[in-house]
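Structure record follows, encoded as structure tokens.
In the working numbering, the protein residues as written are 9 to 333.
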């Protein structure tokens, strides 16, 4: 587990930017006690829950149960009660502002009607969050307080925009099927499973757990099978040597390819190619039009009739000779 809390109340700012952070809290892998009493804090807190081992958050804020998937953000108003009701490990970035900031946030439409916003983890949010956390670890760089203020504001704004435009939620089975289809099409590429999970609003742990519920092999085994299927297609439809096919489907090596291929198809690649190659009787043949032996020219004033210019020339020569003699 890793966590820190940063008190920025007395930090010097260079600009007059009004949305100044008061405190920052970050944790990775923190487990909260599910049976602890509700707590009240006298500040405005935007709690950005980036990921968790649990499928759903089950907190209670101001007496209202929150039951939503990760990632999401929760707005905790000053003196509201908040209590955790699950102890799943979380990755959280909490941005805290003084209580008098509430009216300023309301005027800027930065406090949603609902206390919780689910959002899609797009590249922009991921970039802003990573940059914020990196900057916290470099507190002695010039203007760091102003940069953190601006990044926090940008992160809140982006979450609100993304939450409003978030498409209808897919079922977990639809998400896993969509990921499986993508992996089959892109099986020859090197896959970043963490990034792929984020694209579907899942943590890597969630993705792996849910995958095994619907598909009986691991994601990496699924990719290997897809590469073997792609190789089988190339063996059947091309004359590429096996070494080139191994390279094209991005297999780890020829020895591993031969072993895996024989396990899956029950024969070597060479035998598979011989068995599966198209036979003459199965082939669709294309016969190009035959070329005429002699030039053909339409017969004058006789549509549809042709004559050979070579034979016509010969006849013309014989006729001329007879007249001369």
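Every residue, glycine too, gets a C-beta built ideally from N, C-alpha and C.
Between the alpha carbons of residue 22 and residue 154 lies a gap of roughly 7 Å.
When 248, 96, 262 and 232 are compared, the shortest CA-CA separation from residue 272 is found for 232. Beta-carbon to beta-carbon, residue 79 and residue 129 are separated by about 5 Å, close enough to satisfy the 8 Å threshold.
Following the DSSP letters along the chain, one finds residue 206 inside the alpha helix (DSSP H) bounded by residues 201-207. The Cβ atoms of residue 195 and residue 98 do not sit closer than 8 Å to each other. Residues of the same chain with a CB within less than 8 Å of the CB of residue 146, apart from the 5 flanking positions on each side, are 152 in chain order. Judged by DSSP secondary structure, residue 80 falls within the beta strand (DSSP E) whose first and last residues are 80-84. Excluding five sequence positions before and after residue 17, the CB atoms of its chain that fall closer than 6 Å to its own CB belong to 30, given in chain order. Cβ atoms of residue 96 and residue 39 come within 8 Å of each other, at about 7 Å. Closest option to residue 68, judged by alpha-carbon separation, among 33, 61 and 84: 84. Residue 238 holds the alpha-carbon nearest to the alpha-carbon of residue 192 among 89, 238 and 51. Membership of residue 265 in any beta strand (DSSP E) is not indicated; the residue belongs instead to the alpha helix (DSSP H) covering 262-273. DSSP, reduced to helix, strand and coil, places residue 76 within a strand of the structure shown. Within its own chain, the residues whose Cβ lies closer than 6 Å to the Cβ of residue 113, once the five positions on either side in sequence are excluded, are 119, listed in chain order.
Approximately 6 Å separates the beta-carbon atoms of residue 136 and residue 166; this is inside 8 Å, confirming the contact.
In this model, residue 25 and residue 131 are separated by some 25 Å (Cα to Cα).
In terms of CA proximity to residue 217, 60 leads the group 133, 106 and 60. For residue 104, the uninterrupted beta strand (DSSP E) run begins and ends at 98-105, by DSSP.
In this structure residue 134 touches residue 206 by the C-beta definition: roughly 7 Å separates them, less than 8 Å. The residues 75, 76 and 77, in chain order, have a CB closer than 7 Å to that of residue 64 in the same chain once the five nearest residues on each side in sequence are set aside. Around the beta carbon of residue 117, a 10 Å sphere encloses fewer than 16 other beta carbons of the protein chains shown; the residue is thus reported as exposed.
Rounded to whole angstroms, the separation of the alpha carbons of residue 89 and residue 44 is 12 Å.
In the assembly as shown, residue 265 is a buried residue. Its beta-carbon has 16 or more other beta-carbons within 10 Å.
Take the alpha-carbon of residue 243 and the one of residue 260: they are about 18 Å apart. Counting only runs that start and end inside the segment 121-180, the beta strand (DSSP E) elements of at least 3 residues fall at 124-126. For residue 244, the uninterrupted alpha helix (DSSP H) segment begins and ends at 227-245. Shown here for residue 15: same chain residues with a beta carbon closer than 6 Å to its own, the five before and five after excluded, namely 31 in chain order. Look at residue 192 here: in three-state DSSP terms it is helix.
Separation of the CB atoms of residue 164 and residue 103 is rounded to 7 Å, and the pair is thereby assigned contact status at 8 Å. Across the structure, residue 245 and residue 252 are spaced so that their CA atoms are roughly 14 Å apart. Per DSSP, reduced to three states, the secondary structure at residue 38 is strand. Within the same chain, and ignoring the five residues on either side of residue 221 in sequence, no residue has its Cβ closer than 6 Å to its Cβ.
If you check the CB distance, residue 82 and residue 123 come in under 8 Å. Looking only at 157, 33, 186 and 254, the smallest Cα-Cα distance to residue 223 is reached by 186.
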